[in-house]
Amino acid sequence: MRQRDRGKQSKEYPRLTHPLVRDEKGGPLRRATWEEALEKATEGFRRIKAEHGPDAFGMFSCARATNEMNYVAQKFTRVIMGTHNVDSCNRTCHAPSVAGLSAAFGSGGGTSSYEEVEATDLIVMWGSNARFAHPIFFQHVLRGIRNGARMYAVDPRRTSTAEWAESWLGLNVGTDIPLAHAIGREIIHAGLANHAFIERATSGFEDYKAEVEPWTLSAAEKVTGVPAEAIRDLAHAYATAERAQLCWTLGITEHHNGTDNVRALINLSLLTGHVGRYGAGLQPLRGQNNVQGGGDMGAIPDRLPGFQNVLDPETREKFEAAWGVTLEPRHGRNLTAMFEAMESRELRTVYCIGENPAQSEADTGQAVERMQMLEHLVVQDIFLTKTAELADVVLPATAAWCETDGTTTNSERRVQRVRKAVNPPGEAREDIDIICDIAARLGHEWKFADSEAVWDELRSVSPNHYGMTYDRLTEHQGIQWPCPSTEKLEPTYMHGRLWETDPDKRGMPAPFGIVKHDPPVDLTDEEYPLRLTTGRRLDSYNTGVQSGSYASPLRRGEYVELCPEDAELYGVSPDEEVRVTSRRGSVVAPVWIDPGLRPGLAFMTMHFPDEVDTNQLTIESNCPIAGTAEFKASAIRIEKLPVAAAVRS
Ligand SMILES: Nc1nc2c(c(=O)[nH]1)N[C@H]1C(S)=C(S)[C@@H](COP(=O)(O)OP(=O)(O)OC[C@H]3O[C@@H](n4cnc5c(=O)[nH]c(N)nc54)[C@H](O)[C@@H]3O)O[C@H]1N2
Ligand SMILES: Nc1nc2c(c(=O)[nH]1)N[C@H]1C(S)=C(S)[C@@H](COP(=O)(O)OP(=O)(O)OC[C@H]3O[C@@H](n4cnc5c(=O)[nH]c(N)nc54)[C@H](O)[C@@H]3O)O[C@H]1N2
Ligand SMILES: [Mo]
């Protein structure tokens, strides 16, 4: 069964080279001068704040741009617009990891460094296709395997990552908690729990033990579909490894109970002491190049720069003194809540910098309708995206990765310098300069001579970053936070305190998370019998805006992927176009046969929304703690197209 390979160039987005404005709602975008566009952008923000108050404004900040730009974007939101309504794509992705790690350890960052997977004994890739989505990190994984580490993969699909694993646990979508609980129970019953660590460094073990008790290997096998023996094997391998790295990504977080999923995995590290030591830790591999940094800079609604809590009075006082303003003692709206507030008209204007929610949100039909309800939408991007097409003002920015100076922070909390290598096209300007121009029009003259001046302001308010001068970042080729001292560096891993024998040095114990299995919201039934999960391929990036314009020999465009048994069941063949329908929408896509899928499971990407808008199908059911949508579990049906339609396409 040979399928057509398409070295495919999908939609090519024009690079934005000059500002655009729309004179009236429903009218076309037209070319404008910078003066005209900035004035129009500013006027909308000013008017809506005056008429509807600070919380009618929302900022979507860019996780591909620099730390410095994210610092300035959140400062604009808090100081000038007077609200904490600032967020980014972290909400669609790893917000549950940040929430779960913060609840357990008081800090939302991954606990280890990349090099530690080379020095570990066991690597568990849980809901993570790092071979495709984190290829640089995966090089370290491969070195770890070469150095003797064993690797396990936990994923409903036998992915390219799973091909490298000693064992693949192919679980049913949304059954990670039963699997983790069964592993925990087996570790306890086999006498492999690290009781010395549990007593010294954790709390809530007895409640955890009671919670996992019903999850025998056979009970878990029934719910997860993973053979009991494979679960037992992973439990013993994890508990008996000298050092183990538990890595996870969106297979864990993009669920309506993403934070609970994360807690269930963290529990396993607390049970075994696989945290706080070199080579033993927890790694949520973050998504976009600077999504870690964006959050660290305060471009999230509950944290000020340096991941400092908005609700803490002393922290607020420090920032009030530094910025000369009063800060509201409450959280702002996250991205999800901002979309809801568009519908209730509480949110009336958005400044969207480097995000494409018209194609990346779950249930895009609803998301676009909500954005159309905004009175004033300003989009600042490098390409004319679907979201930009909805805007009243479009501002052309420079690409952070090669046209600006600054820093970014990766998943191992390493802050690294980026440098301007090429000039931007046309009239495109740096993100920070554009924000500062609007700030000036709103009465705030911010004098940042360069990106280093922004960074130094951030360092002065963030103890975690204080020791990282630009010179030191260059000298060390990047430094991991926390870095409170300009003299020395901290260990590459976090939470070593948990191993201290002196209780004063040990600090707060890490609590076990008492969480329960809660299956996906979008249930499969007779009408929608297939479970659809969505994700990524190696050759394309997110909504395709940045990767669509070059033809990759690997790229084959969008397909609905099915296992051979399901293709036979539905009588469809490779490349045949079929209708894919969920409770929210319907798209047409060709069929791809993937023997790595299991019966009842279909897979699509999010990379080609201009051809097949996968997010018309996905469900906007959100994790109540983190606000992340259940992109990983929708219910669908597929239908053959009527003959005439099939011939036409
Ligand atoms: N090439 C490429 N790299 C990228 C990106 C890209 O678009 N293209 N995007 C970047 C971004 S923003 C992010 S956030 C990361 C994402 O990186 P990943 O999270 O690794 O990518 P995904 O393919 O979305 O999802 C990972 C896996 O979750 C599995 N999964 C689905 N449902 C479940 C479940 O219920 N349980 C478990 N255990 N697993 C499940 C899927 O089968 C999939 O293999 O990648 C980043 N890197
Ligand atoms: N079905 C499904 N949907 C998903 C997911 C999934 O797994 N399945 N994953 C979700 C996840 S994890 C994520 S992160 C989101 C991604 O969602 P988005 O962040 O909305 O999508 P991107 O395609 O990455 O859009 C990034 C935008 O930033 C612009 N940009 C790049 N660099 C710069 C810069 O320096 N300055 C400015 N101003 N703009 C810049 C690009 O041109 C592009 O328009 O999608 C989510 N949606
Ligand atoms: Mo992401």
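Under my numbering, the first residue of the sequence shown is numbered 4, with each subsequent residue one higher.
Glycine included, C-beta positions come from ideal geometry on N, C-alpha and C.
Among Ile-186, Phe-606, Asp-384, nearest to Glu-216 - alpha-carbon criterion
Ile-186
Three-state secondary structure assigned by DSSP to Gly-293
Here the sequence assigns Asn to residue 293, which means Gly is not the residue at that position. Three-state DSSP puts Asn-293 in coil, outside helix and strand.
Just reading off the beta strand (DSSP E) that Ile-622 is part of, what are its end residues?
Ile-622 -> no beta strand (DSSP E), and no H or E assigned at all.
For the region 45-63 and the region 19-28, state whether three or more C-beta atom pairs, one from each stretch, are separated by less than 8 angstroms.
no
Consult DSSP for Ala-53 and reduce its assignment to one of helix, strand or coil.
helix
Inter-stretch contact at 8 angstroms, needing at least 3 Cβ pairs: the region 269-277 / the region 200-208
yes
Report back the beta-carbon spacing between Pro-514 and Thr-205 to the nearest angstrom; my notes put them in contact at under 8 angstroms.
7 angstroms
Stretch-stretch touch, CB-based, cutoff 8 angstroms, three pairs: the region 217-237 with the region 92-106
no
What is the rounded straight-line gap between the Cα of Thr-36 and the Cα of His-21?
8 angstroms
When the distance is taken between beta carbons, is Arg-534 closer than 7 angstroms to Gly-357?
no
Endpoints, the beta strand (DSSP E) within which Pro-287 is located
284-287
Same chain only: Cβ atoms within 6 angstroms of Lys-14, ignoring 5 sequence neighbours per side:
Gly-551, Asp-613
Apply the 10 Å Cβ neighbour rule to Cys-405 and answer buried if 16 or more other Cβ atoms are within range, or exposed otherwise.
exposed
So, is Ala-391 buried or exposed, given that buried needs 16 or more other C-beta atoms within 10 angstroms?
buried
Buried or exposed by the 16-neighbour rule on C-beta atoms within 10 Å, applied to Leu-541:
exposed
Whole angstroms is fine: what's the gap from Val-396's alpha carbon to Leu-380's?
7 angstroms
Opposite Gln-419 in the DSSP bridges: which residues?
Thr-411
From Ala-394 to Ser-64, what distance separates their C-alpha atoms?
16 angstroms
Verify the contact flag: Val-157, CB atom, against every heavy atom of ligand 2, threshold strictly below 6 angstroms.
no
Does the Cβ of Leu-541 lie closer than 6 angstroms to at least one heavy atom of ligand 1?
yes
Check Lys-667 in the structure and name its three-state DSSP category.
Any question about residue 667 goes unanswered here, given that the chain covers just 4 to 652.
What residue ranges within the region 445-519 form continuous alpha helix (DSSP H) runs of no fewer than 4 residues, ordered along the chain?
454-464, 473-478, 506-509
Measure from the alpha carbon of Asp-474 to the alpha carbon of each residue in Ser-465, Pro-485, Trp-458, then state which is nearest.
Trp-458
For Arg-558, which option in Glu-571, Asp-263, Tyr-544 has the closest C-alpha, if you only look at C-alpha atoms?
Tyr-544
Report the residue from Val-518, Gly-538, Lys-643, Lys-635 whose alpha carbon sits nearest the alpha carbon of Glu-580.
Lys-643
With 16 other CB atoms within 10 Å as the buried threshold, where does Thr-489 fall?
exposed
When you compare the CB positions of Gly-284 and Thr-114, do they come within less than 7 angstroms of one another, or not?
yes
Let me check one thing: in DSSP terms, what residues is Ile-596 bridge-paired to?
Leu-565
For Ser-652, which three-state DSSP category applies?
Note that Ser-652 scores 45 on pLDDT, short of 50, meaning its location in the model is unreliable; the coordinates nonetheless yield the value given after this. Note: Ser-652 maps to coil in three-state DSSP.
For Asp-384, collect the residues of the same chain with a Cβ closer than 7 angstroms to its Cβ; drop the 5 residues on either side in sequence, then sort them by chain order.
Leu-19, Gly-357, Ala-391, Ala-400
Work out the CA separation of Arg-306 and Phe-322 for me, nearest whole Å.
12 angstroms
Could you spell out where the alpha helix (DSSP H) holding Glu-320 opens and where it closes?
316-326
Kindly examine ligand 3 and report whether one of its heavy atoms sits closer than 6 angstroms to the Cβ of Gln-250.
Correcting the residue identity first, residue 250 is Cys in this sequence and not Gln. No, the Cβ of Cys-250 stays beyond 6 angstroms of every heavy atom of ligand 3.
Inter-residue spacing [alpha-carbon to alpha-carbon] between Pro-645 and Met-72
51 angstroms
Can you tell me the Cβ-Cβ gap for Asn-293 and Thr-69, rounded? I've got them flagged as a contact below 8 angstroms.
7 angstroms
Taking the alpha-carbon of Arg-586 as reference, which of Arg-462, Leu-526, Thr-631 has the nearest alpha-carbon?
Leu-526
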